[in-house]
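There are 2 protein chains.
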Amino acid sequence: MDKDVCQTTCVNQQKVERALQLLPEQEILLGATEIFKMLADPNRLRLLHALSQEELCVCDLAALVDVTDSAVSHQLRLLRTARLVKSRREGKMVYYQLDDEHVESLLQEGLRHAEEG
Amino acid sequence: MDKDVCQTTCVNQQKVERALQLLPEQEILLGATEIFKMLADPNRLRLLHALSQEELCVCDLAALVDVTDSAVSHQLRLLRTARLVKSRREGKMVYYQLDDEHVESLLQEGLRHAEEG
DNA sequence: ACCTCATCTGAATGATTGTTCAGATGTTAT
DNA sequence: ATAACATCTGAACAATCATTCAGATGAGGT
């Protein structure tokens, strides 16, 4: 049951192929998806917003979003893996800061968008 | 078990309160989250990218991302509810186009980000 | 009226996700 | 070394999500 063959009725093959060609490469598209996924959670958004202003340690961040240390730690790991934040150890504590300049503009633009809509 | 009280040990209350005050209003923050959620799926990203170039009908879009008409319809409903796309009926077919200019810049910025990372 | 085609809807399913709990790791101080 | 504290990890759970299937809606043509 190949869909490209079955629905030859209304599909405008030309348009579709044009759109397909202009589509970004799989890798880049998936990369963008991952970044947007990271931004698609209220608490992560709060964390990133706070970190866009100053470095904070794990328990500061936990207090900020009012969840367990464990929960923030999990989230920070995601953000770290996605290279949106980086960490720095100082004694017992670990301080986090933004790793990526671009993220801040994405964040701002998303917020601006939400203000207007 | 209030976390703000328990962990008075390492939490820098000043920093936290400052960050809390600067945090965008709940409503805006959740709004931004919703927009990012819409962008956090490869197929929706493909759909939006294609629509950023020209109007397309449902079955074109289904062919583009190679899923059922039903699946695209569900996704388009999400995008419509989020006001990212709008639809126009022409005979039996329904054509979709971007509803929001800002989305395109978010999309582009996300992709640019993914290219560099 | 009927039939066909394009799109939509609702229920069901499997996959992913955010959180918590309990316990592990690593650091500092005594 | 032992204790105390900050952070991390893994398992478990509920919630959310993307897809499909089957059937509904709505428009055109005969």
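Line by line, the protein sequences give chains A and B.
Going by this note's numbering, the first sequence opens with residue 4, and the numbers climb by one from there.
Going by this note's numbering, the second sequence opens with residue 4, and the numbers climb by one from there.
All residues carry an ideal CB built from backbone N, CA and C; glycine is no exception.
This one's a predicted model, so the numbers in the text were calculated from it and none came from an experiment.
Positions of the beta strand (DSSP E) runs, each at least 3 residues long and wholly inside the stretch 35–65 of chain A, cannot be given because no such run exists. Boundaries of the alpha helix (DSSP H) harbouring K18 of chain B: 16–25, taken from the DSSP string. Between the C-alpha atoms of L33 of chain B and R47 of chain A there is a straight-line separation of about 11 Å.
Secondary structure at E107 of chain B: helix, using DSSP grouped into helix, strand and coil. The CB of L59 of chain A comes closer than 9 Å to the CB of N15, K18, V19, A22 in chain B, given here in chain order. The beta carbon of T36 of chain A falls within 9 Å of a beta carbon belonging to chain B, placing the residue at that interface. For L87 of chain B, the secondary structure class from DSSP, reduced to helix, strand or coil, is coil. Nearest neighbour of S73 of chain B by Cα position, chosen from B:C62, B:R83, B:L67, B:L82, turns out to be B:C62. At a cut-off of 9 Å between beta-carbon atoms, S76 of chain A makes no contact with chain B. Judged by DSSP in its simplified three-state form, V70 of chain A adopts coil rather than helix or strand. Take L64 of chain A, set aside five residues on each side of it, and the residues of its chain with a beta-carbon closer than 6 Å to its own are L50, V75, in chain order.
By the criterion of a C-beta distance shorter than 7 Å, D103 of chain B is surrounded in its chain by R86, L87, once the five residues flanking it on both sides are discounted. Residues of the stretch 41–58 of chain B with a C-beta less than 8 Å from any C-beta of chain A: L42, A43, D44, P45, L48, R49, H52, A53, Q56, E57, listed in chain order. A direct Cα-to-Cα measurement between V14 of chain B and L79 of chain A gives close to 17 Å. Cβ-Cβ distances below 6 Å link Y98 of chain B to E58, C60, R91 in the same chain, with the five nearest sequence neighbours on each side left out; the list follows chain order. For T84 of chain B, no CB of chain A lies under 9 Å from its own CB, so it is not counted at the interface with that chain.
Taking E37 of chain A as the centre and dropping the five residues before and after it, the same chain places the C-beta of A85 closer than 8 Å to its C-beta, in chain order. By the Cβ neighbour-count rule, L110 of chain A is buried, with 16 or more other Cβ atoms within 10 Å of its own. When DSSP states are grouped into helix, strand and coil, E119 of chain B belongs to the helix group. Contact annotation, Q56 of chain B with L25 of chain A: C-beta distance approximately 6 Å; criterion of less than 8 Å satisfied. Pairing E118 of chain A with L67 of chain A, the inter-Cα distance amounts to about 22 Å. Between the alpha carbons of M41 of chain B and M41 of chain A lies a distance of about 12 Å. For S73 of chain A, the closest Cβ of chain B is not nearer than 9 Å. A53 of chain A and Q100 of chain A have their C-alpha atoms roughly 9 Å apart.
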